[in-house]
Amino acid sequence: MIEITNLLTKPQLPGNYFAYNAYVKGDLELGLLENRLGGRLLGLPSTLLQAIYAGLEQETGQASRLVLFNCGRWWGKNFYIRFCEEISEYYDKAVAQMEMIEFIQCLQQCWKTHGWGTFDFDAQYVNAGFLIIITKNSPFASVAPPWNRPVCFLEAGVFSSFFSRLTGRELHCVQTTCESMGADCNQFILGLSNRLQSVEALVDQGKDHETILKELCETA
1 MIEITNLLTK PQLPGNYFAY NAYVKGDLEL GLLENRLGGR LLGLPSTLLQ
51 AIYAGLEQET GQASRLVLFN CGRWWGKNFY IRFCEEISEY YDKAVAQMEM
101 IEFIQCLQQC WKTHGWGTFD FDAQYVNAGF LIIITKNSPF ASVAPPWNRP
151 VCFLEAGVFS SFFSRLTGRE LHCVQTTCES MGADCNQFIL GLSNRLQSVE
201 ALVDQGKDHE TILKELCETA
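Read in full-length UniProt numbering, the sequence shown has 162 at position 162, and its numbers run on one by one without any break.
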């Protein structure tokens, strides 16, 4: 229930902080993009993303997977800090005091507003110790070269780092399906690092998402 005193003391109740029209500010003459706090936003053209993938593959070969994943982990660490600072200030309460559904909705809207597509969760394997993250319309999957395996290593690194800091546990993230391979979505398995050690090999072997989860649950 909304208290009358809140209506009298606050000019308006907090809305959707990451609503696109309110969050993204632009100046076409200066070529600037900023968020609602004045922080700079960077627009990455698809040709640049394609060049990054191609350059890494040419220079580092198989190691490009690890390079992208580690870049994602660094990005995820800073993204988590900035995300928590922004929503804590806007909603006037610490992240730890927020309802989980409220936190997740903010994260989903933030992801979409920044142009990274959409994502959701499949919690049916939580009791086994795994969380499935599902993304769609990933800009990274859309420009990646054909590697005959899922290619969103950057996003996997972001999820790994972000949720490690959120939970206080060292988590790992492995992608099992990818839009670049014709799948209708990208699926990632998030769990404790030591329990996901075998997943990369299973993905390289061409095992499908359901088979990988079955093997993980059997060894849990």
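In this text, a Cβ means the ideal position worked out from N, Cα and C, and glycines have one as well.
Here the structure is a predicted model, which is why all the values come from computation and not from measurement.
Within the continuous alpha helix (DSSP H) that includes residue i, where are the two ends?
i: residue 27; result: Premise fails: residue 27 lies in the beta strand (DSSP E), 25–27, not in any alpha helix (DSSP H).
i: residue 139; result: 139–143
i: residue 86; result: 64–91
i: residue 166; result: 153–167
i: residue 55; result: 46–60
Count the other CB atoms within 10 Å of the CB of residue i; is the residue buried (16 or more) or exposed (fewer)?
i: residue 213; result: buried
i: residue 5; result: Unreliable placement is indicated for residue 5, whose pLDDT of 49 sits below 50; the coordinate value is still reported in the next sentence. The residue in question, residue 5, is exposed, as its Cβ has fewer than 16 Cβ neighbours within 10 Å.
i: residue 295; result: Because residue 295 is not part of the residues shown, which for the chain are 1 to 220, the question remains open.
i: residue 145; result: exposed
i: residue 175; result: buried
i: residue 45; result: exposed
i: residue 266; result: No answer is possible for residue 266: it lies beyond the span of the chain, which begins at 1 and ends at 220.
i: residue 155; result: buried
i: residue 211; result: exposed
i: residue 196; result: buried
i: residue 15; result: exposed
i: residue 231; result: The requested residue 231 does not occur in the structure, where the chain is confined to residues 1 to 220.
i: residue 217; result: exposed
Measure the alpha-carbon distance for residue i versus residue j and round it to whole angstroms.
i: residue 153; j: residue 31; result: 30 Å
i: residue 27; j: residue 42; result: 13 Å
i: residue 104; j: residue 50; result: 30 Å
i: residue 113; j: residue 183; result: 23 Å
i: residue 90; j: residue 18; result: 10 Å
i: residue 55; j: residue 97; result: 44 Å
i: residue 86; j: residue 180; result: 33 Å
i: residue 200; j: residue 115; result: 27 Å
i: residue 111; j: residue 20; result: 11 Å
i: residue 204; j: residue 78; result: 30 Å
i: residue 52; j: residue 99; result: 38 Å
i: residue 130; j: residue 124; result: 9 Å
i: residue 134; j: residue 142; result: 15 Å
i: residue 192; j: residue 215; result: 15 Å
i: residue 11; j: residue 38; result: For residue 11, the pLDDT reaches just 47, beneath the cut-off of 50, and the residue's location in the model is therefore unreliable, although a value from the coordinates is still provided. So the alpha carbons of these two residues sit roughly 22 Å apart.
i: residue 9; j: residue 88; result: Because the pLDDT of residue 9 is 48, which lies under 50, any placement of that residue in the model is unreliable, and the number read from its coordinates should be weighed accordingly. Each residue's Cα considered, the two are about 19 Å apart.
i: residue 209; j: residue 150; result: 11 Å
i: residue 94; j: residue 102; result: 12 Å
i: residue 169; j: residue 160; result: 10 Å
i: residue 1; j: residue 162; result: Residue placement at residue 1 is poorly supported in this model, since its pLDDT is 41, which falls under 50; the coordinates are not used for a value here.
i: residue 120; j: residue 60; result: 32 Å
i: residue 219; j: residue 207; result: 16 Å
i: residue 132; j: residue 122; result: 5 Å
i: residue 69; j: residue 84; result: 22 Å
How close, in whole Å, do the beta carbons of residue i and residue j come, if the pair is a contact with beta carbons under 8 Å?
i: residue 148; j: residue 117; result: Between residue 117 and residue 148 the Cβ distance is about 22 Å, and since that is not below 8 Å, they are no contact.
i: residue 173; j: residue 186; result: Between residue 186 and residue 173 the Cβ distance is about 11 Å, and since that is not below 8 Å, they are no contact.
i: residue 25; j: residue 36; result: 7 Å
i: residue 166; j: residue 190; result: At roughly 11 Å, the Cβ-Cβ gap does not stay under 8 Å, so residue 166 and residue 190 are not in contact.
i: residue 126; j: residue 76; result: Rounded, the Cβ-Cβ distance is 21 Å, inconsistent with contact.
In this structure, does DSSP put residue i in helix, strand or coil?
i: residue 97; result: helix
i: residue 223; result: Any answer about residue 223 is impossible in this case: the structure gives the chain only from 1 up to 220.
i: residue 130; result: coil
i: residue 121; result: strand
i: residue 21; result: helix
i: residue 207; result: coil
i: residue 202; result: helix
i: residue 219; result: helix
i: residue 41; result: coil
If you follow the beta strand (DSSP E) that residue i is in, where does it begin and where does it stop?
i: residue 197; result: Premise fails: residue 197 is in no beta strand (DSSP E) and is neither H nor E.
i: residue 237; result: A query on residue 237 cannot be resolved here, the shown segment of the chain reaching from 1 to 220 and no further.
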